[in-house]
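Note sheet for the following structure.
Numbering (this note's numbering), first residue to last: 23 to 1032.
Take a look at the structure:
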């Protein structure tokens, strides 16, 4: 080793670097390098991944960073573990303090670091303190002669670097575009200092030597530094939080005590089965050192009476007894080893859902309790997705906004730029379009932005807590909300041994909370959330079997509603346990890529003959009709057929699920085949089982996760079946779920509820439901503003109902006239004054506002009202337009009602009659509800869509040919005309679409308007 790259930027250098650590390691290896440093700007954003990829490539990894603050800069390389902690603290300080003086900070934070810089002031300041570990950085393209002179003047050793950003020539253009995006400017406006130099390549040693003929010492110093830096890094040691500074033995004893107490609470008495399972789990938890973790999570879970502990942790009896999870793992045969086993080395992961508007309070409690020195949020590392990449690159090229939107509006906001842009060539949404040379260049560059880090965001709920100082393990920044934020996302945090607790927001838990509170107010019946058994109610079971689950958490999508209908069509109403087990299966199997399994699953459920591929599979697959539905069934199959241990089986599951690629799938297959042969299983059977496991593994959940969610689904279904008004009001008030507010209002109508408009004396901020009525909340009038609404509600609570419009103006003179006008148009005063009086009220408001003596900077001052002129009432078209303008949706009637004459004259069939038309061509009217674009097994785009008319929802399929013709029309809030063939499967009717048009393009006789 004679030369080592000590200054290299990866895609983890925010808005600077381009290439992933794996690519850089491969390039270094192919260039004959044995060592490589990663020195991303102001962070260690990709260090765990870099260390992992370096090991795979046979490269010795050097850890470092380029610290940049204002005009000051230095490359900092870690000598040892202590130096790593020092670097983490320095980078944390850099992000926390503004202004930040790098030279001053390095006088404190330099132990265990090599410092490379060509910053005169910084080097002089540090040299006065100590010359140890201090080098002058000399780089091609960066004033080499001046740097050499500085090294001689300060008597400091020189070191050669290339400040590598590029691997190929096209990277220069990509980097310039990235820098222009970061600066929110166009390419011509970039200044020379905004970008890396054109010489900043990852060069071979021969190329480097050719650039340093005059200073071989600078190259030799790279080798000396590399030889003295630690390269063996192990980030796998688990770093657990500590519960109230207890010793490990004390924490284990306290956990056992609480688990025993919780078991009595859950079961009433402890039999041998419960005791044995508790002892087994507690032993593993104690031996693995996880007791503190469980106690910390329990403390957080107790911050709310309504939680949903989910993920594989729901298989733990200890978690169930502590109240962290709520599904009985013994009753539902949940496999603990999916969560924890003796061989597992990575930390467990417990996820807890809280009502979405309570989550921040729980996180704040964690920070107050553990301190910001020990706790921090996990980051989301924000890069580019397809739509954003194209949009940002186009802006850099100066393309007008409307032209950009015409292209990006058809791109997915998810997925990588490379895949998304590549699909444009064949996707029907873009077919037949020619592109200018500028656009071809834009798309080519955007497709290369498939990895660069732009900035950090805050993970929705991932929290890490350590026993000492978080800033010795990872640099910490401040999120936009002011919370400490580690520089790693969840996968690198886990790889580095940090234990993540997911404190997540769940809107459905808030829906259930609010609906239960409303039911208690209206009926006096209070339900204990934790002891509630919703499936004891036959009406709830009937609703679930009918697939009438719009609004019900996790089971309201069109695909899930269809599956529920297919599963139970023609079958008797099941008992509680049977329905719950099948609901858990449905929640796990419902994946677009699993359609073939879904069809087979339903067929077997309805009596299609089947048998296990081997008798050893019966205990594992009996409950799921011989199909592998849950992730942990992979582990159990490997244990039963091939003699794998629980840890080995879980390892196989991770590899198959593409979350762990350390060991090749071929190796695992051979172990499976060899183990099965030793167990006496025929090779042909093993091959069939292996194929089935491979084909399904990526599309399933673990059973404990699905069971936890299914329990929440059942509680939502009970509320919908028994208290639909309170339930639908809570659904809409909490922001809904899969559907729009209009979709939920339509469902409310189908439930027989009367939708009432906002009322100035009756409406609250949120929607309100009682009996057979659902009242629109003032929250729906978004343009009126939250502050105005709060003023109204406070005054109404203080002084009682408003007597009339004049009383309203007299009591609330401070409200902006524009907001009051919006309230009038929204119908808030119709109950007081009558709908026909809206013109008079607006006239009165404007008259008052325009008189100089009675206004002051737009604020109203009340006088005796003058007589108003006689004004005609608004016609229905105007009222409808005002409703859409103020509420954003039609409330008084179904959106298809204005087209009733066309529907009647054309004799379009109602959606509720679809089953009567199976096998025949039909024409329907429908309002767009939702759609799900997918690709067929051959990669062709198609879409499943849901429409509604006044009678029912109906699902329509746009197979590739129909999708290619009509995809540009889909997704619009307009009345559609749909022609197709009605098909039926397991009692569920859908429309195979042959033609699509718009109803508002026809006159009442069904002729197209010119």
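Just so you know, even glycine gets a beta-carbon here, dropped at the ideal spot from N, CA and C.
Go through its chain and collect everything with a Cβ distance to residue 774's Cβ below 7 Å, but skip five positions before and after it.
794
Closer than 6 Å by C-beta to residue 120: which residues in its own chain qualify, once you throw out the five before and the five after it? Chain order, please.
none
Between the beta-carbon of residue 527 and the beta-carbon of residue 483, is there less than 8 Å?
yes
Where do the ends of the alpha helix (DSSP H) carrying residue 940 lie?
From DSSP, residue 940 is part of no alpha helix (DSSP H); its letter is neither H nor E.
Ordered along the chain, which non-local residues of its own chain (more than five positions away) have a Cβ less than 6 Å from that of residue 193?
40
With DSSP run on the structure shown, which of helix, strand or coil describes residue 40?
Per DSSP, reduced to three states, the secondary structure at residue 40 is coil, with no helix or strand assignment.
By Cβ distance below 6 Å, which residues in the same chain neighbour residue 204 in space, the five residues on each side in sequence not counted?
37
Going by CA-CA distance only, name the one from 506, 64 and 406 that's closest to residue 475.
406
Beta-carbon separation of residue 30 and residue 58 under 8 Å?
At a Cβ-Cβ threshold of 8 Å, residue 30 and residue 58 count as neighbours.
Which residues in the same chain have their Cβ closer than 7 Å to the Cβ of residue 449, if we skip the five residues on either side of it in sequence?
963
Go through its chain and collect everything with a Cβ distance to residue 281's Cβ below 7 Å, but skip five positions before and after it.
300, 304, 340, 343 and 344
Is residue 946 helix, strand or coil when you go by DSSP?
strand
Between the alpha carbons of residue 198 and residue 508, how many angstroms are there, rounded?
28 Å
From the DSSP output, in three-state form, read off residue 1014 for me.
Residue state, collapsed to three classes: strand.
Here's the rule I'm using: 16 or more other beta-carbon atoms within 10 Å means buried, otherwise exposed. How should residue 254 be labelled?
Here residue 254 is exposed. Its C-beta has fewer than 16 other C-beta atoms within 10 Å.
Got a sec: is the Cβ-Cβ distance from residue 26 to anything in chain D below 8 Å?
You won't find chain D in this structure, because it holds only one protein chain.
At which residue ranges does the region 312–395 contain complete alpha helix (DSSP H) runs of 4 or more residues, listed in the order of the chain?
Correct list: 313–323, 339–343 and 381–392.
So, residue 113 versus residue 66, is the Cβ gap smaller than 8 Å?
yes
Can you tell me whether residue 882 is helix, strand or coil according to DSSP?
In this prediction, residue 882 scores a pLDDT of 48, lower than 50, which makes its location untrustworthy; the coordinate-derived value is nonetheless stated afterwards. Looking at residue 882 - three-state DSSP - the assignment turns out to be strand.
If you pair each beta-carbon of the region 354–364 with each one of the region 332–339, do three or more pairs fall below 8 Å?
yes
Nearest to residue 770 by alpha carbon, out of 782, 798 and 780?
798
Using a Cβ-Cβ cut-off of 6 Å (strictly less than) and excluding sequence neighbours within five positions of residue 117, which residues of its own chain qualify?
Answer for residue 117: 499, listed in chain order.
Could you tell me which of 485, 973 and 948 sits nearest to residue 967, measuring between CA atoms?
948
When we look at the beta-carbon of residue 42 and count the other beta-carbons within 10 Å, is it buried (16 or more) or exposed?
buried
To which residues of the same chain is residue 627 closer than 7 Å at the C-beta, ignoring the five residues directly before and after it?
589 and 647
Span of the alpha helix (DSSP H) holding residue 766?
763–772
Let me make sure I understand the geometry here. Which of 552, 870, 854 and 897 has the alpha-carbon closest to that of residue 730?
The shortest Cα separation from residue 730 among 552, 870, 854 and 897 belongs to 552.
Report yes or no: do three or more beta-carbon pairs, one from the region 227–242 and one from the region 178–197, lie closer than 8 Å?
Touching, yes.
Using a Cβ-Cβ cut-off of 7 Å (strictly less than) and excluding sequence neighbours within five positions of residue 317, which residues of its own chain qualify?
265, 273, 276 and 277
On the three-pair Cβ rule with 8 Å, is the region 640–657 touching the region 721–728?
yes
State whether the region 324–332 contacts the region 374–394, with contact taken as three or more CB pairs (one from each stretch) at a distance under 8 Å.
yes
Go to residue 527, then tell me how far its beta strand (DSSP E) extends in each direction, as first and last residue.
522–528
To the nearest angstrom, how far is it from the Cα of residue 71 to the Cα of residue 54?
21 Å
Under 8 Å: do the region 516–524 and the region 490–505 share three or more Cβ pairs, one atom per stretch?
yes
Locate the beta strand (DSSP E) running through residue 271, then write down its first and last residues.
Judged by DSSP secondary structure, residue 271 falls outside any beta strand (DSSP E) and instead within the alpha helix (DSSP H) spanning 270–289.
Could you check if residue 819 is buried or exposed, using at least 16 other CB atoms within 10 Å of its CB as the buried criterion?
exposed
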